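Letter 161 of the sequence shown, counting from 1, is numbered 160 in numbering that gives the first Met the number 0, and no numbers are missing. From the three backbone atoms N, C-alpha and C, an ideal C-beta is built for every residue, glycine too. Fair warning: this is a prediction, and the values are worked out from it, not measured in the lab.
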Amino acid sequence: MFAIDEKPIAQNVASTREKSYLAALLFLILAAQPAWADKTYYLDESTDFSGNGCENADLNDVTSSLQSSLNANGWTGQRWTNSNAWPQDYFESTMAGLSGVDNLYGDNFLLTVYAGHGNRALVQFGFMRNGRCTVNLETQARLGLQGGNKAVYAMYVTSCTLNLDSLSRNFNHEVRQQFGYHNSPSVKDDQPRDFFEETNSKTNARAWIDEMEDRPGWFTGDNSPIALTHGLDSSHCDWVRDTAKLRGDSLLFTPPEPWGWFCWIMYDHGASGC
Numbered sequence: 000m001f002a003i004d005e006k007p008i009a010q011n012v013a014s015t016r017e018k019s020y021l022a023a024l025l026f027l028i029l030a031a032q033p034a035w036a037d038k039t040y041y042l043d044e045s046t047d048f049s050g051n052g053c054e055n056a057d058l059n060d061v062t063s064s065l066q067s068s069l070n071a072n073g074w075t076g077q078r079w080t081n082s083n084a085w086p087q088d089y090f091e092s093t094m095a096g097l098s099g100v101d102n103l104y105g106d107n108f109l110l111t112v113y114a115g116h117g118n119r120a121l122v123q124f125g126f127m128r129n130g131r132c133t134v135n136l137e138t139q140a141r142l143g144l145q146g147g148n149k150a151v152y153a154m155y156v157t158s159c160t161l162n163l164d165s166l167s168r169n170f171n172h173e174v175r176q177q178f179g180y181h182n183s184p185s186v187k188d189d190q191p192r193d194f195f196e197e198t199n200s201k202t203n204a205r206a207w208i209d210e211m212e213d214r215p216g217w218f219t220g221d222n223s224p225i226a227l228t229h230g231l232d233s234s235h236c237d238w239v240r241d242t243a244k245l246r247g248d249s250l251l252f253t254p255p256e257p258w259g260w261f262c263w264i265m266y267d268h269g270a271s272g273c
């Protein structure tokens, strides 16, 4: 089932006059922006979850072909896997007690991607580091803010991270869009790459739900992909959702802050596994 919705954040919603002013100011800012900014990516992926202190089922590699496609299209960045992929890469570096290095890794690139296991507003790594296996995205991460402050798009190839019933737990970031799942998905090796390729002509939001719905094999059911967009107000959120394209070089720069509205589209095939 296809679904679309949008809502304000009560504490951040401006008055009609203020929102009109902000919208006008936004278009003045956009007119002065270059067609594209530095196209950078950061990929962390965990496939080995056996005997490393963070037990779970092993997974297939879904980001190596994505990296190849990004590189071929003029992007530059880093990809780290398994023992070299750390929860600390996404811990907010300014938060005490976390030893976070997101200012160097997860929040230091325009597109940030984690592939592995997950849960609601949470991602799980395969190797324990400093006693930690997971990142609580609500309480331990601040993408597009504070240390790093460069992430604009976040992709979670993980189970349940953007589950609709707990979507608000992913609101502590200042990014344009977040891509994830409402359920526990099964993902083919090249699906993230195919999503990126489709954003040459499709919007990010449409490409994500179209490309990431299908599961490997026959009669295996469907994933429930969801694309979450943030904007200044309702009309701006709709505009970002209907404009942003990663490969199409559209809106590849830092969004205006703070966002005050969210909107999402998804294919809802249930929340199994969450």
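Coarse secondary structure for MET94, derived from DSSP in three states: Translated into the one-based positions of the sequence shown, residue 94 becomes position 95. Per DSSP, reduced to three states, the secondary structure at MET94 is coil, with no helix or strand assignment.
Of the listed residues GLY117, LEU136, GLU173, SER167, nearest to LEU144 (C-alpha basis): Here residue 144 corresponds to residue number 145 of the sequence shown, with the count starting at 1. When the alpha-carbon of LEU144 is set against those of GLY117, LEU136, GLU173, SER167, the nearest one is in GLU173.
SER271 beta carbon less than 9 Å from that of THR219: Here residue 219 is taken as the residue at index 220 of the sequence shown, counted from 1. Here residue 271 is taken as the residue at index 272 of the sequence shown, counted from 1. No.
CB of THR46 within 9 Å of CB of GLY125, strictly: As a position in the sequence shown, residue 46 is number 47, starting the count at 1. As a position in the sequence shown, residue 125 is number 126, starting the count at 1. The answer is yes: Cβ separation under 9 Å.
Whole-angstrom C-beta distance between PHE195 and LEU69, which should lie under 8 Å: Taking the sequence shown and counting its residues from 1, one reaches residue 69 at position 70. Taking the sequence shown and counting its residues from 1, one reaches residue 195 at position 196. In this structure, LEU69 and PHE195 form a Cβ contact; the two beta carbons are roughly 7 Å apart against a cut-off of 8 Å.
Closest Cα partner of LEU163 within the set ASN55, GLY269, GLU54: Residue 163 sits at position 164 when you count from the first residue of the sequence shown. Closest in alpha carbon position to LEU163, among ASN55, GLY269, GLU54, is GLY269.
Assigned secondary structure, HIS235 (DSSP; H/G/I helix, E/B strand, else coil): Sequence index remark: in the sequence shown, residue 235 carries index 236 (1-based). It is helical.
Cut-off 6 Å between Cβ atoms - residues of its own chain near ASN51, not counting five sequence neighbours on either side: Position 52 of the sequence shown, counted from the first residue, corresponds to residue 51. Same-chain partners within the cutoff: GLY125, PHE126.
Other residues of its chain near VAL239: CB distance less than 8 Å, five sequence neighbours each side excluded: On the sequence shown, residue 239 is found 240 positions in, with the first residue counted as 1. Apart from sequence neighbours up to five positions away, the residues of its chain that approach VAL239 with a beta-carbon distance below 8 Å are ARG175, GLN176, THR228, HIS229, GLY230, LEU250, PRO254, ordered along the chain.
Contact under 9 Å by Cβ, LEU136 with ASN107: Numbered from its first residue, the sequence shown carries residue 136 at position 137. Numbered from its first residue, the sequence shown carries residue 107 at position 108. Their beta carbons are not under 9 Å apart, which means LEU136 does not touch ASN107 by this criterion.
Per-residue burial, ASP60 [other beta carbons within 10 Å of its own, 16 or more giving buried]: Counted from its first residue, the sequence shown places residue 60 at position 61. Exposed is the call here.
According to DSSP, residues forming a beta bridge with ILE208: Counted from its first residue, the sequence shown places residue 208 at position 209. Paired residue(s): none; ILE208 is not in a bridge.
CB contact flag (TYR113, GLU210, <9 Å): Within the sequence shown, numbered from 1, the residue matching residue 113 stands at position 114. Within the sequence shown, numbered from 1, the residue matching residue 210 stands at position 211. Cβ distance not < 9 Å, so TYR113 and GLU210 don't count as in contact.
Secondary structure, alpha helix (DSSP H): runs of 4+ residues fully inside the segment 174 to 198: Counting only runs of 4+ residues, the alpha helix (DSSP H) found wholly inside the segment 174 to 198 occupies 190 to 197, in chain order.
DSSP state of GLY135 mapped onto helix, strand, coil: The residue labelled residue 135 in the question sits at position 136 within the sequence shown. For the record, residue 135 in the displayed sequence is Asn; it is not Gly. In the three-state scheme derived from DSSP, where H, G and I count as helix and E and B as strand, ASN135 is classed as strand.
Where TRP260 falls, given that 16 or more other Cβ within 10 Å makes a residue buried: As a position in the sequence shown, residue 260 is number 261, starting the count at 1. In summary, TRP260 is buried, with 16 or more beta-carbon neighbours lying within 10 Å of its beta-carbon over all protein chains present.
Straight-line Cα distance separating TRP258 from ALA13: As a first step, residue 13 must be located in the sequence shown, where it is residue number 14. As a first step, residue 258 must be located in the sequence shown, where it is residue number 259. Per-residue confidence for ALA13 stands at a pLDDT of 30, beneath the threshold of 50, marking its modelled position as unreliable; no derived number is given.
Nearest neighbour of ALA204, chosen from PRO86, ASN83, ALA243 [CA to CA]: For the purposes of this step, residue 204 is taken as residue 205 along the sequence shown, with counting starting at 1. Among PRO86, ASN83, ALA243, the Cα nearest to that of ALA204 is on ALA243.
According to DSSP, residues forming a beta bridge with TYR89: Numbered from 1 along the sequence shown, position 90 holds the residue referred to as residue 89. In DSSP, TYR89 forms no bridge with anything.
Spatially closest choice to LYS149 from ASN199, SER82, GLU91, by CA coordinates: For the purposes of this step, residue 149 is taken as residue 150 along the sequence shown, with counting starting at 1. Proximity to LYS149 across ASN199, SER82, GLU91 peaks at GLU91, based on C-alpha coordinates.
Nonlocal neighbours in the same chain, by C-beta distance under 7 Å from ASN72, ignoring five residues either side: For the purposes of this step, residue 72 is identified with residue 73 of the sequence shown, where counting begins at 1. Excluding residues within five positions, the ones whose Cβ falls inside 7 Å are ARG246.
Classification of ILE264 by the beta-carbon crowding that lies within 10 angstroms, buried from 16 upward: On the sequence shown, residue 264 is found 265 positions in, with the first residue counted as 1. Label assigned to ILE264: buried.
Inter-residue CB distance, GLU197 and ALA206 (contact presumed, cutoff 8 Å): Taking the sequence shown and counting its residues from 1, one reaches residue 197 at position 198. Taking the sequence shown and counting its residues from 1, one reaches residue 206 at position 207. Approximately 4 Å separates the beta-carbon atoms of GLU197 and ALA206; this is inside 8 Å, confirming the contact.
Which residues DSSP lists as bridging HIS229, in chain order: Here residue 229 refers to the residue found at position 230 when the sequence shown is read from its first residue. The secondary-structure analysis by DSSP pairs HIS229 across a beta bridge with PHE261.
Cβ distance (whole Å) where ASN169 is taken to contact ALA120 below 8 Å: Walking along the sequence shown from the start, residue 169 turns up at place 170. Walking along the sequence shown from the start, residue 120 turns up at place 121. Rounded, the Cβ-Cβ distance is 5 Å, consistent with contact.
ASN118, enclosing alpha helix (DSSP H) - first and last residue: Here residue 118 refers to the residue found at position 119 of the sequence shown. Segment 116 to 118 is the beta strand (DSSP E) holding ASN118; no alpha helix (DSSP H) there.
Beta-carbon proximity of GLN123 to GLY130, cut-off 9 Å: Working through the sequence shown from its first residue, we reach residue 123 at position 124. Working through the sequence shown from its first residue, we reach residue 130 at position 131. Remark: C-beta atoms of GLN123 and GLY130 do not approach each other more closely than 9 Å.
Start and end residues, alpha helix (DSSP H) containing LEU65: In the sequence shown, residue 65 corresponds to position 66, counting from 1. Annotation for LEU65: the continuous alpha helix (DSSP H) segment containing it runs 63 to 71.
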